[in-house]
Every structure is written in C-alpha cells, then in structure tokens.
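Participant: Before I ask anything, here is the structure I am working with.
Numbering (the working numbering), first residue to last: 541 to 645.
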C-alpha cells in the first residue's frame, strides 16, 4: 500500500483534490500541519474521534483554528477512514495519519 504526504499549507482546492485522489487510489495519507498553534491539534483530534458533545466542541474549535485540516478529517470520517494525530518531536509540526481501517477476519 502506498503512502502520500500532504502539507496542510497547500491551497484548499489543491489539498482536497490531492486527498481525494490519494484515497481513490487506496493510499494511506499523512497530513503535515505546521505552525505555532499546532500544539492544540492533537487534543482536538482526540476529542473529535470520541464523538458526542466533545466532538461537536472540538469541531467548532478546530474549524476556527485549522479549517483545511478539519474539512479533510470530516471527509475522511465520511469515507470510513480512521485517523490519529502525533506531534513531531522538537518542532512545530504535527502529522495526522489517515488510514484505511484494518479488518480482522
């Protein structure tokens, strides 16, 4: 399975187009987010994954701070993908890993 790395700093339409192309090809996507406020992203993504009231609050805050990232995550959730967020050590970067769920038979 191939892996595609996308930067969240791409223009919105280009980011969404590349994301949908990668998902259509069955690739795993790593979304690289850079900036000063990225330290907030892992907590927002964790709350977004949980669901319920916390997810609604996390989505509202995430759309205000990281609109492109949260639109990609909403689309990934609708397409049945899973995602997790990890911070890159000693930098202002966060990687959001978007994967196809593993099916155990």
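Every residue gets a Cβ at the ideal spot worked out from N, C-alpha and C, and that includes glycine.
Values in this document were obtained by computation on a predicted structure and should not be read as measured data.
1) Rounded to whole angstroms, how far is the Cβ of residue 606 from the Cβ of residue 598, which I believe are closer than 8 Å?
2) Given a cut-off of 9 Å on the beta-carbon distance, is the pair residue 639 and residue 621 in contact?
3) List the whole-angstrom C-beta distance separating residue 562 from residue 573, where the pair is believed to meet the contact cut-off of C-beta under 8 Å.
4) Less than 9 Å separating the beta-carbons of residue 626 and residue 575?
5) Which residues in the same chain as residue 630 place their Cβ atom closer than 8 Å to its Cβ, once the five residues preceding and following it in sequence are excluded?
Facilitator: Short version:
1) Contact flag wrong, Cβ pair sits at about 11 Å.
2) Cβ distance < 9 Å, so residue 639 and residue 621 count as in contact.
3) Contact flag wrong, Cβ pair sits at about 16 Å.
4) no
5) none
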